[in-house]
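Presented below is the structure to which this report refers.
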Amino acid sequence: MFPVAILFGGVMLTILIGLHVVLVSVATTAVQAAADRGVSSAQAAPIGPSTCGTFGGQYGVVTPESERECQGVVGAWSALIASGSMVGPARPPVVSVNENAGVVGVAAFGIVISPVLGALEVIGYACGPLDLVEGVAPTRADASAC
Numbered sequence: 057m058f059p060v061a062i063l064f065g066g067v068m069l070t071i072l073i074g075l076h077v078v079l080v081s082v083a084t085t086a087v088q089a090a091a092d093r094g095v096s097s098a099q100a101a102p103i104g105p106s107t108c109g110t111f112g113g114q115y116g117v118v119t120p121e122s123e124r125e126c127q128g129v130v131g132a133w134s135a136l137i138a139s140g141s142m143v144g145p146a147r148p149p150v151v152s153v154n155e156n157a158g159v160v161g162v163a164a165f166g167i168v169i170s171p172v173l174g175a176l177e178v179i180g181y182a183c184g185p186l187d188l189v190e191g192v193a194p195t196r197a198d199a200s201a202c
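For the sequence shown, our numbering gives the first residue as 57, with consecutive numbering after it.
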């Protein structure tokens, strides 16, 4: 009887570890997609001061300085909220716009509940050029600025 209990325990542990790997990989993909959406939104936004005001709530407070930062936060936040069945928002996205270097970076933060390790924070980061021009690839300096 004892070897059967060991075998059953091993099978259950294997299932829990597999479930943990699947949940974390799906959450990582969702948070990375939110960061990518934030970069796309910031790239499409016009240049100028922010018209958003302050984002606040139970996850923290963010006050964007420019319209590009504002749209980046809105894009990343909405994508993270939309994937709420698998991952929850941990704190507001961080958008960094460097007009001089011509790049924008977005970090998105989410929480997933794993059956093995409990609540885990997953982070997605995306970076891209500010102005998308057809047929022009970012230079090495643009890539290193990210």
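Quick reminder that beta carbons are idealized off the backbone N, C-alpha and C, glycines included.
Since the model is a prediction, treat every value here as computed from it, not as a measurement.
Alpha carbon to alpha carbon, what distance is there between residue j and residue i?
i      : j      : result
Ile73  : Val117 : 35 Å
Gly65  : Leu173 : 17 Å
Glu125 : Leu75  : 36 Å
Trp133 : Ile71  : 32 Å
Cys108 : Ser81  : 32 Å
Thr110 : Glu123 : 12 Å
Val160 : Thr119 : 17 Å
Ala98  : Val178 : 22 Å
Thr84  : Leu136 : 11 Å
By the 10 Å Cβ neighbour count, where 16 or more other Cβ atoms means buried, how is residue i classified, buried or exposed?
i      : result
Val78  : exposed
Gly94  : buried
Val60  : exposed
Pro209 : Because residue 209 is not part of the residues shown, which for the chain are 57 to 202, the question remains open.
Val168 : buried
Whose CA, out of the options, lies closest to the CA of residue i?
i      : options                        : result
Ala91  : Ile169, Ser122, Phe111, Ser139 : Ser139
Met142 : Pro120, Ala86, Ala157          : Ala86
Ser106 : Ala182, Leu63, Gln114, Val130  : Val130
Spatial neighbours of residue i within its chain, please: CB distance less than 6 Å, with the 5 preceding and 5 following residues excluded, ordered by chain position.
i      : result
Ala101 : Glu123, Arg124, Gln127
Ser152 : Gly161
Tyr181 : Ala91, Ala163
Every unbroken alpha helix (DSSP H) within the segment 118–172, with a cutoff of 4 residues, ordered by chain: With a minimum length of 4 residues, the continuous alpha helix (DSSP H) runs that stay inside the segment 118–172 are 123–138.
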